[in-house]
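Engineer:
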Ligand SMILES: [Zn+2]
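Chains as they are written, first to last, in our numbering: chain A, 481 to 1006; chain B, 91 to 598.
In structure tokens:
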């Protein structure tokens, strides 16, 4: 039986490429064909670089043919969230204000992918400037969840999780400011890691909130995440907040998958009330799997986590309001002239452009942040939020005195339907309640699938958090849990996802909105 | 549009009768680092517009700053030289406002955590007294781009059809040095302002951290000024006069604003808190942007940069690299050289300290060095419109060695003073070294004592009355006889020797 190259994991592809059983061109073609078939429905991509991906695949095949020493993942294609600058490839951040902008430089993460010889398939969809938990705030239309096209794929990195979940790419790069890698992973049945803050360079990552943003891997297996983590991690002199230390031994940890004697801390504040029953049930089972694998469970309390959401929604908009000031029509991107003004001033052009170019959620947060930083309010808002941030870091420090890792459900619910929360920002924000503390404290976190919730048959996520610079612990615990879950499921969870067919394309086009799943056939492999 | 409206002023004396000025000086200095504050772009002045730029200093999406360590070290050295405390831990902050020449629409600066704070600079004034200027802070920041407004008059934004922005300057490291409000300056306020900026300029030059060229904008001064009614302790409303870019203008701008404020206050008006522009040509300031305390830059700590935390040992290492403070150096040299206060001041005003220093080092006497560098050559440099004597000399290949040689010729008895002057003129005319000029012009004292004695005899015979005075003990009357002897000898005699012979003949 021939391997379905689109369903193979990155590590499997690496083996096939190394042994010569397939070529990078062959893999890349297969994935591009898959995109052609399914992405009209899923809309994971904002831009597909068909020719560029094939050209770099061809290049790496030639180099392999010449016997050059190549990186382990050389030739394995990857998708990149549209918030990372890619030289020669459009970078929009899901915003109209950057429509048509082609960066003259590569983000460090992208440069490292290219150095490793990984063909870049395209740029994935996202909530505008990474503000959202559903991709409904993308200026270019939402991405749909491959499990149910009526539902959100999570956000802001819904494109990167969906591209992996729909087998259009084995790997993708996401970014996580408050859960934008982990929550999409949870609701699409995939794996996502937010590394320790400073573990992966932010150079070229268009900043949402500089002190919170972190790029990381979006994959289908824990080992793949570790392999990708190793490629993109490590010190970068272009980012002064980058950690000047080697990447923790994540791949080794993922391979050993050993949790014997580890103390797993269940965060009291991140379970129970407010979490969907099916999500909680899968979480409890997962904890039992870890106990079966030799881990010890302890309960920890992090009382300040209850204030995390409030602090986050002051710090993030404050930093964002300043980070987004550069989008002013002066040097790049959209330029809109105000209507009915004869000789507009620079200020008028800036205002007209920002009015037309930014979506409502972006404007909401810019206004919020501008207010929070204003003199007279600074101490009460930004200042207090920073104090809460320190308390949260203290809570983590205390918890890690008794536990090696902390665990919780990644998101309170499975994927919700489009439109359910779009007019209720608070409900939308609550999605990130369990993921935000890690960003505020700079600690690493991972989400991996824990199974399907009984009430809706949709994936639930299991979150692991580790102390800063101990990212390897995520992979040890994640891999151990994954092994046992795969055994209990009899194969990858994504095998139970509906089969997206060619036939679905036409009708999805016709309905255009985000409301049809009629052409999805359920139950492949189930 | 009418030309600039000239506002009412009162005389300086009238101002001083009723008011005490309070000044605050903010000086921006561009550091002479090879690269910008937060990226690796070059900082060369006068390059083609927008050729020294990169994603970082253009504020492209995703780009991140990295602090220039050299700039931080310069900032620390400046802080130490200004007797400041150096922060053990401080952060950059974002100053948020929209302006087309600011790529990110925020300036990366320092706010409440400056790298250096609480210092002073002692400033010597013309009357020999010293005024201590208290320094509030010195902080690091990046420069903005430069807007060029096209189509309007004299490059102003008003009436322009469009604007061009050059981002070469964006991101150049700046140090802003801010004084505390300077009180009690009274009538000396303009002089103190000028002397402070001049002293600061010399200090920065000695530190070798900036080329401090005010005319090129690498050193810029903003003058804050307010008046307090005499006897009051409440500060008046201040104005901030921007970009006062020469020492003379600093002095004039302070004086002008004092007279303008005085006129408004005396007429019962109130001062508008605003930014004002200084016009070098007309010597007045005009209203700029109203500035109020409501200006809200929404400062917050720059999250893209880690804090600056210079280790104490490094600060001490940098302290050890500080040059002798210019004022202290001047005092030491004056005493070494034995110059009077007046002589030293002339030397300072003429910018001759370094030149005299190297000439003395080369073997000349301090008095000789001062004499030769401040006489004829200064007159010529001035006539030529040269920046200063040192530049003039360098351009013409005239060196301290020439002065040493000239002095040697006098000391060795080949030339007398008047002959030496002629030789020096020849040197300045480009005729060669002093020896070469003396040779070419045939200048040499007559060494034959017989000829000199004969000349003395002739002069004594021709001036019996003067000779008698000398005989009677009026030794100073010999001077007239020496003059006559020199005339007789056509200047080619050693005046000292002539004096010896005269005295020997008349009193011996
Ligand atoms: Zn640059």
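Here a beta-carbon is modelled for each residue, glycine too, at the ideal position from N, C-alpha and C.
With a threshold of 8 angstroms between beta carbons, is residue 926 of chain A in contact with chain B?
Structural biologist: No, no contact with chain B.
Engineer: Taking one C-beta from the region 540-559 of chain A and one from the region 580-598 of chain A each time, how about it: are there three or more such pairs within less than 8 angstroms?
Structural biologist: Touching, yes.
Engineer: Our contact map puts residue 606 of chain B next to residue 572 of chain B with C-beta atoms below 8 angstroms; I'd like the distance itself, whole angstroms only.
Structural biologist: Since the displayed chain B opens at 91 and closes at 598, residue 606 of chain B lies outside it and no answer follows.
Engineer: Taking the alpha carbon of residue 207 of chain B as the point to measure from, which residue in B:444, B:266, B:566 has its own alpha carbon closest?
Structural biologist: Per the Cα distances, B:266.
Engineer: Got a list of residues with beta-carbon closer than 6 angstroms to any non-hydrogen atom of ligand 1, in chain order?
Structural biologist: Taken from the N-terminal end onward, the list reads B:126, B:129, B:131, B:143, B:144, B:146, B:147, B:261.
Engineer: My assumption, with CB atoms under 8 angstroms, is that residue 679 of chain A sits in contact with residue 589 of chain A. Please give the rounded CB distance.
Structural biologist: Actually they do not touch by this definition, with Cβ atoms about 11 angstroms apart.
Engineer: Against residue 152 of chain B, what residues of chain A qualify as contacts under a CB-to-CB distance less than 9 angstroms, listed in chain order?
Structural biologist: Within chain A, the residues near residue 152 of chain B are 563, 564, 565, 571, 583, 585, 587, 682, 683, 684, 685, 686, 687.
Engineer: Between residue 654 of chain A and chain B, is any beta-carbon pair separated by less than 8 angstroms?
Structural biologist: No, residue 654 of chain A lies away from the interface with chain B (no Cβ there is under 8 angstroms from its Cβ).
Engineer: What does a CB cutoff of less than 6 angstroms around residue 985 of chain A pick up in its chain, not counting 5 residues either side in sequence?
Structural biologist: In this predicted model, residue 985 of chain A has a pLDDT of only 43, less than 50, meaning its place in the structure is not dependable enough to derive any value.
Engineer: When we look at the beta-carbon of residue 229 of chain B and count the other beta-carbons within 10 Å, is it buried (16 or more) or exposed?
Structural biologist: So residue 229 of chain B ends up on the buried side.
Engineer: Could you tell me the alpha carbon to alpha carbon distance between residue 251 of chain B and residue 239 of chain B, rounded to whole angstroms?
Structural biologist: Roughly 8 angstroms between the two C-alpha positions.
Engineer: Is residue 548 of chain B helix, strand or coil when you go by DSSP?
Structural biologist: Looking at residue 548 of chain B - three-state DSSP - the assignment turns out to be helix.
Engineer: Please confirm if the region 111-122 of chain B is in contact with the region 312-327 of chain B, defined as three or more CB-CB distances below 8 angstroms between the two stretches.
Structural biologist: Yes, since at least three Cβ pairs between the region 111-122 of chain B and the region 312-327 of chain B fall closer than 8 angstroms, the two stretches touch.
Engineer: Among A:882, A:709, A:506, A:498, which one has its Cα closest to the Cα of residue 1027 of chain A?
Structural biologist: Since the displayed chain A opens at 481 and closes at 1006, residue 1027 of chain A lies outside it and no answer follows.
Engineer: Taking only beta-carbon positions, decide if residue 258 of chain B is within less than 8 angstroms of chain A.
Structural biologist: Chain A contact via Cβ: absent.
Engineer: Is it the case that the region 886-896 of chain A contacts the region 658-670 of chain A, given that we only count it when at least three CB pairs across the two stretches are under 8 angstroms?
Structural biologist: The region 658-670 of chain A is in contact with the region 886-896 of chain A.
Engineer: Is any beta-carbon of chain B found at less than 8 angstroms from that of residue 812 of chain A?
Structural biologist: Cβ-Cβ to chain B under 8 angstroms: yes for residue 812 of chain A.
Engineer: What's the gap between the Cα of residue 489 of chain A and the Cα of residue 617 of chain A?
Structural biologist: Cα to Cα, residue 489 of chain A sits roughly 30 angstroms from residue 617 of chain A.
Engineer: Could you confirm whether any beta carbon from chain B is found closer than 8 angstroms to the beta carbon of residue 593 of chain A?
Structural biologist: Answer no: the Cβ-Cβ gap between residue 593 of chain A and chain B never drops below 8 angstroms.
Engineer: Residue 213 of chain B and residue 398 of chain B: beta carbons closer than 8 angstroms?
Structural biologist: No; because the gap between Cβ atoms is not below 8 angstroms, this pair is not in contact.
Engineer: Any contact between the region 623-642 of chain A and the region 506-526 of chain A? By contact I mean 3 or more CB pairs, one from each, below 8 angstroms.
Structural biologist: Result yes; three or more Cβ-Cβ pairs closer than 8 angstroms.
Engineer: Taking all protein chains shown into account, decide if residue 424 of chain B is buried (16 or more other Cβ within 10 angstroms of its Cβ) or exposed.
Structural biologist: Under this definition residue 424 of chain B is a buried residue.
Engineer: Please confirm if residue 854 of chain A has its CB atom under 8 angstroms from at least one CB of chain B.
Structural biologist: At least one chain B Cβ lies under 8 angstroms of residue 854 of chain A.
Engineer: Please go through the same chain and pick out, in chain order, the residues whose beta-carbon is closer than 6 angstroms to the beta-carbon of residue 145 of chain B, but skip the five residues on each side of it.
Structural biologist: Closer than 6 angstroms at Cβ, skipping near neighbours: 153.
Engineer: Considering Cα atoms alone, identify which of A:547, A:836, A:796 is closest to residue 577 of chain A.
Structural biologist: If we check each option's Cα against that of residue 577 of chain A, A:836 comes out closest.
Engineer: Please list the terminal residues of the continuous beta strand (DSSP E) segment that includes residue 252 of chain B.
Structural biologist: Residue 252 of chain B -> beta strand (DSSP E) spans 252-256.
Engineer: In chain order, what are the residue ranges of uninterrupted alpha helix (DSSP H) at least 4 long that sit wholly in the region 703-744 of chain A?
Structural biologist: Within the region 703-744 of chain A, the complete alpha helix (DSSP H) runs of at least 4 residues are 730-736.
Engineer: Roughly how many angstroms lie between the CA atoms of residue 35 of chain B and residue 180 of chain B, to the nearest whole one?
Structural biologist: A question about residue 35 of chain B goes unanswered here, because the residues of chain B that appear run from 91 up to 598.
Engineer: Leaving out five residues before and five after residue 202 of chain B in sequence, what residues of the same chain have Cβ atoms less than 8 angstroms from its Cβ?
Structural biologist: If we look at residue 202 of chain B and ignore the five residues flanking it on each side, its Cβ neighbours are 183, 389.
Engineer: Are the C-beta atoms of residue 784 of chain A and some chain B residue less than 8 angstroms apart?
Structural biologist: By this cut-off, residue 784 of chain A is not an interface position.
Engineer: Assign residue 484 of chain B to one of three DSSP states: helix, strand, or coil.
Structural biologist: Looking at residue 484 of chain B - three-state DSSP - the assignment turns out to be helix.
Engineer: For the region 625-660 of chain A, list the alpha helix (DSSP H) runs that are entirely contained and at least 4 residues long, ordered along the chain.
Structural biologist: You should have 638-645.
Engineer: Identify every run of the alpha helix (DSSP H) within the region 583-609 of chain A, keeping only runs that are complete inside it and at least 4 residues long; order them along the chain.
Structural biologist: Taking only runs of at least 4 residues, the alpha helix (DSSP H) segments lying wholly in the region 583-609 of chain A are 588-595.
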